[in-house]
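Chemist: The structure follows.
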Amino acid sequence: MKTDAQIKADVTAELAWDPSIDAAAIGVMVKDGLVTVAGHLDSFAQKHAVERAVRRVSGVGGIAVEPDVKLSADHKRGDSEIAEAILGALRWHSWVPEERVKVEVENGWVTLSGEVDWRYQSTSAEQCMRPLMGVRGLTNNISVKQCVSEKDISAEIGAALTRQARMEAEQIKIEVDGGVVTLRGNVHSLPEHDAAVGAAWATRGVSRVVDGLVVKT
Numbered sequence: 003m004k005t006d007a008q009i010k011a012d013v014t015a016e017l018a019w020d021p022s023i024d025a026a027a028i029g030v031m032v033k034d035g036l037v038t039v040a041g042h043l044d045s046f047a048q049k050h051a052v053e054r055a056v057r058r059v060s061g062v063g064g065i066a067v068e069p070d071v072k073l074s075a076d077h078k079r080g081d082s083e084i085a086e087a088i089l090g091a092l093r094w095h096s097w098v099p100e101e102r103v104k105v106e107v108e109n110g111w112v113t114l115s116g117e118v119d120w121r122y123q124s125t126s127a128e129q130c131m132r133p134l135m136g137v138r139g140l141t142n143n144i145s146v147k148q149c150v151s152e153k154d155i156s157a158e159i160g161a162a163l164t165r166q167a168r169m170e171a172e173q174i175k176i177e178v179d180g181g182v183v184t185l186r187g188n189v190h191s192l193p194e195h196d197a198a199v200g201a202a203w204a205t206r207g208v209s210r211v212v213d214g215l216v217v218k219t
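Using the numbering used here, the first residue of the sequence shown is number 3, and each one after it goes up by one.
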């Protein structure tokens with residue numbers, strides 16, 4: 003098991019290694035395996051890149067990404083320009099039913115709403131926004147239509163967990179209430195945690211996942 007000092011050193015090195023991240027603008031703190039990242043970044047895309055980088059480091063039990071996004075002068079755009087760029091990105095993404103997604107932009111903050119059939123469609127719409135200039139943050143309020151029974155949802159998630167991580171599946175309890183899935187239990191690493199949550203999100207009929215998993219490294 004890594005110490006907090008070792009985790010901090012590895013996270014710091016990973017941030018410095020990633021060319022999409024300005025590591026000099028970021029501070030890292032670690033306590034009991036929980037990594038807190040703070041600082042000032044010049045784009046929303048870079049903030050997402052920071053979170054991905056921290057997740058790649060072994061021994062990390064949890065992440066709190068707190069950097070402020072302060073757009074550089076060449077990244078600033080008006081809300082109407084941002085909205086136009088978003089609508090274009092949605093229109094060209096083959097996985098997104100763009101006619102069912104509504105977009106609002108206020109001071110660079112994007113809010114998505116609407117209803118889709120699958121979670122991956124909501125996630126794909128969100129991914130369209132991250133690299134766009136002028137975006138300071140994102141709220142995804144897109145809902146997923148409930149079209150499958152609770153029993154079927156639970157069975158499909160259980161089968162997916164068994165296929166992807168047999169040992170961890172035995173320690174994970176699945177609760178389904180409508181389209182809301184709650185996962186409880188212990189996993190051995192953050193990647194295993196993400197795989198379990200991802201399996202739940204990828205299941206037909208799931209509208210929300212409540213993450214009650216504990217990472218025990």
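Cβ coordinates follow ideal geometry from the N, Cα and C atoms, glycine included.
Using DSSP with H/G/I as helix, E/B as strand and the rest coil, what is Ser-126?
Modeler: Along the sequence shown, one-based indexing puts residue 126 at 124. Correct three-state label for Ser-126: helix.
Chemist: Give the DSSP-derived three-state secondary structure of Arg-2 in the structure shown.
Modeler: Residue coverage of the chain in this structure runs from 3 to 219, which leaves residue 2 outside it and unanswerable.
Chemist: Helix or strand or just coil, what does DSSP make of Ile-155?
Modeler: Taking the sequence shown and counting its residues from 1, one reaches residue 155 at position 153. Helix at Ile-155.
Chemist: Do Arg-138 and Trp-97 have their C-beta atoms within less than 8 angstroms of each other?
Modeler: Stepping through the sequence shown from its first residue, residue 138 is reached at position 136. Stepping through the sequence shown from its first residue, residue 97 is reached at position 95. Cβ atoms of Arg-138 and Trp-97: not closer than 8 angstroms.
Chemist: Buried or exposed for Ser-124, going by 16 or more other Cβ atoms inside 10 Å?
Modeler: Mapped onto the sequence shown, residue 124 falls at position 122. Under this definition Ser-124 is a buried residue.
Chemist: Residues in the same chain with beta-carbon distance under 7 angstroms from Ile-23, minus the five sequence neighbours each way, listed in chain order, please.
Modeler: Taking the first residue of the sequence shown as 1, we reach residue 23 at position 21. Around Ile-23: Leu-17, Gln-48, Ala-51, Val-52 and Ala-55.
Chemist: Classify Thr-205: buried if its beta carbon has 16 or more other beta carbons within 10 angstroms, exposed otherwise.
Modeler: Against the sequence shown, residue 205 aligns to sequence position 203. Label assigned to Thr-205: buried.
Chemist: Please report how far the alpha carbon of Ala-27 lies from the alpha carbon of Glu-128, in whole angstroms.
Modeler: In the sequence shown, counting from the first residue as 1, residue 27 sits at position 25. In the sequence shown, counting from the first residue as 1, residue 128 sits at position 126. Cα-Cα distance, rounded: 25 angstroms.
Chemist: Return the chain-ordered list of same chain residues with a C-beta closer than 7 angstroms to the C-beta of Gly-116, the five sequence neighbours on each side being excluded.
Modeler: To locate residue 116, count along the sequence shown from 1; it is residue 114. Around Gly-116: Arg-102, Val-103, Lys-104 and Ile-144.
Chemist: Could you pull the start and end residues of the alpha helix (DSSP H) that His-50 belongs to?
Modeler: On the sequence shown, residue 50 is found 48 positions in, with the first residue counted as 1. First-last of the alpha helix (DSSP H) with His-50: 46 to 57.
Chemist: Comparing C-alpha positions only, which one of Glu-68, Ala-7 and Gly-160 sits nearest to Ala-197?
Modeler: As a position in the sequence shown, residue 197 is number 195, starting the count at 1. Ranking the options by Cα distance to Ala-197, first place goes to Gly-160.
Chemist: Rounded to the nearest angstrom, what separates Glu-100 and Val-211 at their Cα positions?
Modeler: Within the sequence shown, residue 100 is the residue found at index 98, counting from 1. Within the sequence shown, residue 211 is the residue found at index 209, counting from 1. Cα to Cα, the separation comes out at about 24 angstroms.
Chemist: Tell me which residues share the same chain as Thr-184 and place their Cβ nearer than 7 angstroms to its Cβ, disregarding the 5 neighbours each side in the sequence.
Modeler: As a working note, residue 184 is residue 182 in the sequence shown. These residues qualify, in order along the chain: Glu-177, Val-212 and Gly-214.
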